[in-house]
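Step one of this worksheet: look at the structure below.
Protein chains: 6
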Amino acid sequence: MTAVYDMLRRVTTATVTTMLLKKGIRHCWLKGAMPLATGAPRLVGPAFTLRFVPVREDLATPESWGKPISTRAAIEAMPAGCVAVADAMGVTTAGIFGDILVMRMARRNVTALVTDGVIRDKAGCMAANLPIWCQGTAAPASVNGLTFVGWNEPIACGGCAIFPGDAIVADDDGAVVIPQDLVEFVAAEGEEHERYESWVVSEVERGVPLPGLYPPDDAARARYAAWKAKRG
Amino acid sequence: MTAVYDMLRRVTTATVTTMLLKKGIRHCWLKGAMPLATGAPRLVGPAFTLRFVPVREDLATPESWGKPISTRAAIEAMPAGCVAVADAMGVTTAGIFGDILVMRMARRNVTALVTDGVIRDKAGCMAANLPIWCQGTAAPASVNGLTFVGWNEPIACGGCAIFPGDAIVADDDGAVVIPQDLVEFVAAEGEEHERYESWVVSEVERGVPLPGLYPPDDAARARYAAWKAKRG
Amino acid sequence: MTAVYDMLRRVTTATVTTMLLKKGIRHCWLKGAMPLATGAPRLVGPAFTLRFVPVREDLATPESWGKPISTRAAIEAMPAGCVAVADAMGVTTAGIFGDILVMRMARRNVTALVTDGVIRDKAGCMAANLPIWCQGTAAPASVNGLTFVGWNEPIACGGCAIFPGDAIVADDDGAVVIPQDLVEFVAAEGEEHERYESWVVSEVERGVPLPGLYPPDDAARARYAAWKAKRG
Amino acid sequence: MTAVYDMLRRVTTATVTTMLLKKGIRHCWLKGAMPLATGAPRLVGPAFTLRFVPVREDLATPESWGKPISTRAAIEAMPAGCVAVADAMGVTTAGIFGDILVMRMARRNVTALVTDGVIRDKAGCMAANLPIWCQGTAAPASVNGLTFVGWNEPIACGGCAIFPGDAIVADDDGAVVIPQDLVEFVAAEGEEHERYESWVVSEVERGVPLPGLYPPDDAARARYAAWKAKRG
Amino acid sequence: MTAVYDMLRRVTTATVTTMLLKKGIRHCWLKGAMPLATGAPRLVGPAFTLRFVPVREDLATPESWGKPISTRAAIEAMPAGCVAVADAMGVTTAGIFGDILVMRMARRNVTALVTDGVIRDKAGCMAANLPIWCQGTAAPASVNGLTFVGWNEPIACGGCAIFPGDAIVADDDGAVVIPQDLVEFVAAEGEEHERYESWVVSEVERGVPLPGLYPPDDAARARYAAWKAKRG
Amino acid sequence: MTAVYDMLRRVTTATVTTMLLKKGIRHCWLKGAMPLATGAPRLVGPAFTLRFVPVREDLATPESWGKPISTRAAIEAMPAGCVAVADAMGVTTAGIFGDILVMRMARRNVTALVTDGVIRDKAGCMAANLPIWCQGTAAPASVNGLTFVGWNEPIACGGCAIFPGDAIVADDDGAVVIPQDLVEFVAAEGEEHERYESWVVSEVERGVPLPGLYPPDDAARARYAAWKAKRG
């Protein structure tokens, strides 16, 4: 997948969603998973999923952190390069991870953490150099509102279904999921789409109106073909 | 568990939540899961869980209904007497089951269907004689908004964590979950609590004010003890 | 106020809101406070307020029910004829009152209970013969989600400000609050408005279109005046 | 369209949504538009649209009811048999129509009123014999929260786009919109689908499990063909 | 209007809302329309409206971008200096415009884009030098969740009614709408209010408590008059 | 309390919530109250409460600002060092305070303003040097949506109960409330917890996996004891 992932790194999440729409897929952008720090480079990786259910007071305790099914154990199972995607059910009152867990993930060369929930210890998380897409920050720990139940299962995240191994692309416009079977299609079509849009931008810059340009009529199509041929 | 379940059938869901609060458990009432038809008898059974994630257009199709992991297959795995509890993520725009699936569940002697989502084919579902607790009704099928991913896993339902085998009690006040380890405690304490409340009702009926009665002061405690002794 | 309250009993809540709009008041209908049982007669009374804040686990316990500031003590302070209005902050997961407290309120000749929250022990509450306007039913007790802090203070309820002594009118369209200073205005204007609308209904029944009738043009105004004069 | 509408009257809204999914349409069920009275017959008609925007206090007044662009004028423009569909932006605190307007619509032989908002004067509306699908009831008038801006424009209603002339089908599961170009397709396919489901019901009644039956495998397909042939 | 717009540019949106309250108008601040980049100068212009309804899958497609009623055509109809106000129904999962359309709007000397929805291609939009007030950013295109239906009609935006030609004022506190008939009133009163508040600030700076100062008692009124006279 | 407050200033809000969980308290983080400016130092102080109810148009007017029960009067009652906590019922469309009131609070040496609502005049508020935790900014004044009713009463704020005199701690992760009786416990336990976590960080930095470290097994506990002893 490495070559395809490299291609995807040059395709904006905006373009990814437009390519997926060609296949009838509208549920691919993870609502709520926005960059904790803006301006970071676009990141791509296979999804490693984490699943939470609501708090049950007898199970969701600091003691649970030492159990075999725990966020700690899940982190040790993460392969280098993966994007950890956590189903926090959109809960914004309990931070699923704090600085210590985030540091450990960075150590294990995880590419990014993506969640429809929030993190805690914001300052420490930012210092840990793990790019994070989330809804924001809260002081309480996950056990204040959530019970961790497992990893690498199908999950919900931000209104999307995520299956382990799906591709995640994340940039300033948020995070999107590409079903595993469509990764090559999106990468190839996306590359061409980015090329076309860069030509459209140059046209708009010289004052061409959009009707007939984007989407293109026959004249625009011809001008684009010429530009593309020249560019090589 | 049969004897304990019989005891629970005489304990209101209101009392169950008060008993669970003694153990520090506040997340036990399934928000949104209300009786489709009011006035039904209280029902009790072990939870059989069903799990949905959001729709992915390439997976959530009528064709998916024929796959090995499908709501159809899940129904065939339900043991008689269980309460089917479905995590529909609170989605109210896609009915997780229609009349045909509900009829089949009734045939298999499922005790009840409980969900934080909605059902479809309301008239047919009501005719099928399977008691249902849900948020209401919608015309679209589950695949319009949801993808089914499995059964008998821990789930979220109405803001609660549900583990397979937990006890579900459902009546006109909604549905509650009792963690498996606390079922005997709740049944025993609940029975005494119901007895006490029935005495309080008789006191209120004869005009006794609530302060000092509920909760009881020493005098009320003595009167209750006498009433209880007499009653045998 | 008795005579004015008698007049108000003949004015629909719909008309009350239209009369209040003449005074620039748009926030007067209590969102969420709907009749638990439909078809009851219209009820009117002065507001007796109850105030809850969110649960704090060290304070919101069954033990708190025996303290001086408790829902029990508040009920004993309610004068006959009042409408108890409870600010439950719109919380729908904790029933502010169950059957026993409702029975006691009925005993004390409270006119009605109105809340933007929910009640519990639905069957028992319906049997207690206290008319209730609320968002519905939940099994858990108030202490599961709320802490009671006092009575006869200004409160929020359903998006409205309620001050002790304001008039509450409740019917099948819900519950409305009339600021104390405007009660006489609303009663007098409302009576005339009801008369006018009953004439409009008779006009619509005989096939008159609405433009020019409601609101009336000069011709309609004359016809109405004649009808009113004849009716005496 | 009369013949097609007659066919649609025999197709449940649940089936309509399943047929539309075959064409990739998932946004067709009007969230919030539920029957005010249950158990009514299924209704079908072409959409006549009404559009509201939020209240602006200088425009949304009882005086506005006499202006050329008013709900009154819109009602007089409704053709017999149409289904009036009102975009109330999901607002639940202002009733778009009361008993008088509803009476006039019934007089004009409007088939039904469908809205993602609420109505007022519930008792009067129920008496007026105009079937209504809505979110419920509120006492305040439309001008308390909404400004009426026009009719027979494209609108939003319950999360769906509605264009004048689209077909609306409404029953106990709610209301659905069929794009004008797909009405014949849905009617024809829907009729066959209902026939197939009625056979499935008979199979479930005699104890056949769902896997292999719904959706059908080859054996089931053959049994169904035989049943259909026999039935004629 | 140019002179009045120049005056409004010196009046904060906070002051605009206080002046409109004098005329009974409380619905004038566009909820959700916040500056994409903070610290920009205050902007003023007449509203040019755009209207979206929910996605209908057969209409909301990339192909629709080439149709006569399209966002592209709407942009070509925008006069220089206008503020484009888009009714996106508060949808946050589909960006109504991306960098290319925003570039074209900047080219056409549009003053600003204001919406209760979101934009996409955030980095490109920020580079295009068109000030934007919105709820944030999403990767998917408008057609993922919305259908464009027209321009220069009355619209809803952020809980307000907007009519073409109303004045829009936008700064760090968000965007407000001034009904066309009230623009001169707000400009004149707003200028005096700003002067008064700047005097109050100087008073607070020298330690004067607020009671008696803001709102002013007679003594404060006199001090202010003196300050104003001196200032000339 | 000064010494205890000094200790708390070294304890993160994240740690405070974990310590309170040991006492069974999960409702202690004020949802919505986030820092207006990030990167400020942690602040601690006793809560001075302010209470709003919804707007009533006859009471919530600019004229009300001059009444005895007004936000102005409340500010004059604030003791130096307090944290003003305002119950704005989570309303985000009316700014409870603008720059002038915030300036006066800063003048009176208030430590911080914390609310589940929003402020207005953002630029002026930031310049006034009063740290603020809130949901954001809106142009309209409090009277646009809220009626002020009093101070130093128990309030709701961000889903928590706040009693006057409770300790408030606020930093980049938001604001938390510590019940007055638990302040010493949290300060003492929190200090030790911070020490332990700083050791864990050093362990993670040298590559130690989390299972067995956090929470610690016996080996880790011993290593920590040694580190602590050495550190003195």
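Residue numbers (the working numbering), protein chains in the order written: chain A, 1 to 232; chain B, 1001 to 1232; chain C, 2001 to 2232; chain D, 3001 to 3232; chain E, 4001 to 4232; chain F, 5001 to 5232.
For glycine and all other residues, C-beta sits at the position ideal for the given N, C-alpha and C.
Computed from a prediction, not measured in an experiment: that's the story for all the values here.
For this session: Taking L4008(E) as the reference, give the member of W4199(E), Y4224(E) and E4192(E) with the closest Cα.
Result: E4192(E)
Exercise. From which residue to which residue does the alpha helix (DSSP H) around D99(A) run?
Worked result: D99 to R107
Problem set entry | Anticipated Cβ contact below 8 angstroms, G1174(B) with A2128(C), distance rounded | Not a contact, Cβ separation roughly 19 angstroms.
Exercise. Between which two residues does the alpha helix (DSSP H) harbouring F4163(E) extend?
Worked result: Here F4163(E) belongs to no alpha helix (DSSP H), and DSSP marks it neither H nor E.
For this session: Measure the C-alpha to C-alpha separation of K2230(C) and Y2005(C) and round it to an integer number of angstroms.
Result: 28 angstroms
Problem set entry | Contacting residues, own chain, Cβ-Cβ under 8 angstroms from A2064(C) (five flanking each side not counted) | Inspection of the sequence shows that residue 2064(C) is occupied by Ser rather than by Ala. These residues qualify, in order along the chain: S2070, V2143, T2147 and F2148.
For this session: May I ask you to report which of helix, strand or coil DSSP gives T1115(B)?
Result: strand
Problem set entry | Candidates A2141(C), D2116(C), S2198(C) and Y2196(C), of which the one nearest G2158(C) by Cα | D2116(C)
Exercise. If we call anything under 9 angstroms between Cβ atoms a contact, is A2033(C) one with Q2135(C)?
Worked result: yes
Exercise. Assuming G95(A) and A141(A) make a contact with CB atoms under 8 angstroms, what is their CB distance in whole Å?
Worked result: 6 angstroms
Exercise. What does DSSP give as the partner residues of M5034(F) in its beta bridges?
Worked result: C5134(F)
For this session: Look up D4171(E) in the DSSP assignment and give the residues it is bridged to.
Result: G4174(E)
Exercise. So which of D87(A), M89(A), T93(A) and G124(A) has the shortest CA-CA distance to M103(A)?
Worked result: G124(A)
Exercise. In three-state terms, what does DSSP make of C3125(D)?
Worked result: helix
Problem set entry | Sequence-distant residues of the same chain with beta carbon closer than 6 angstroms to W5227(F), five excluded per side | W5199
Exercise. On the three-state DSSP scale, how would you describe A2219(C)?
Worked result: helix
Exercise. Below 9 angstroms between beta carbons: does that hold for A2112(C) and G2045(C)?
Worked result: yes
For this session: Look up F3185(D) in the DSSP assignment and give the residues it is bridged to.
Result: BP columns for F3185(D) are empty, so no partner.
For this session: Pull up the distance between the alpha-carbon of P79(A) and that of A47(A), whole angstroms please.
Result: 10 angstroms
Problem set entry | E3057(D), buried or exposed, once every other Cβ within 10 Å from all chains shown has been counted against 16 | buried
For this session: Report the rounded CA-to-CA distance for V1118(B) versus A1074(B), giving the unit in angstroms.
Result: 18 angstroms
For this session: Check the C-beta distance from V2176(C) over to T2017(C) and give it rounded, since I have them as a contact under 8 angstroms.
Result: 6 angstroms
Exercise. Could you give the residue range of the alpha helix (DSSP H) that holds I5025(F)?
Worked result: Careful: I5025(F) lies outside any alpha helix (DSSP H) and carries neither H nor E.
For this session: Return the chain-ordered list of same chain residues with a C-beta closer than 7 angstroms to the C-beta of P2209(C), the five sequence neighbours on each side being excluded.
Result: none
For this session: May I have the straight-line CA-CA distance separating G3081(D) from P3131(D), to the nearest angstrom?
Result: 12 angstroms
For this session: Would you mind telling me which residues of chain C sit closer than 8 angstroms to V1016(B), beta carbon to beta carbon, in chain order?
Result: A2139
For this session: Label G3986(E) either buried or exposed according to how many other C-beta atoms from any shown protein chain fall within 10 Å of its C-beta, with 16 as the threshold for buried.
Result: Nothing about residue 3986(E) can be read from this structure; chain E reaches only from 4001 to 4232.
Problem set entry | Rounded Cβ spacing between P3211(D) and R1072(B) (contact assumed at less than 8 angstroms) | 5 angstroms
For this session: For L5101(F), decide whether its Cβ has a neighbour in chain C, counting only Cβ atoms nearer than 9 angstroms.
Result: no
Problem set entry | chain B within 9 angstroms of K22(A), Cβ atoms only | no
Exercise. If you draw a straight line from the C-alpha of A2188(C) to the C-alpha of A2167(C), how long is it?
Worked result: 14 angstroms
Exercise. Does the beta carbon of V2085(C) sit closer than 9 angstroms to a beta carbon anywhere in chain D?
Worked result: no
Exercise. Would a check of beta-carbon distances place T13(A) closer than 9 angstroms to chain E?
Worked result: yes
For this session: Would you check if the distance between the CB atom of V2169(C) and the CB atom of L2043(C) is smaller than 9 angstroms?
Result: yes
For this session: Please classify D5058(F): does DSSP put it in a helix, a strand, or coil?
Result: coil
Exercise. At a Cβ cut of 7 angstroms, what residues of the segment 2045–2072 of chain C count as close to chain D, listed as they run along the chain?
Worked result: none
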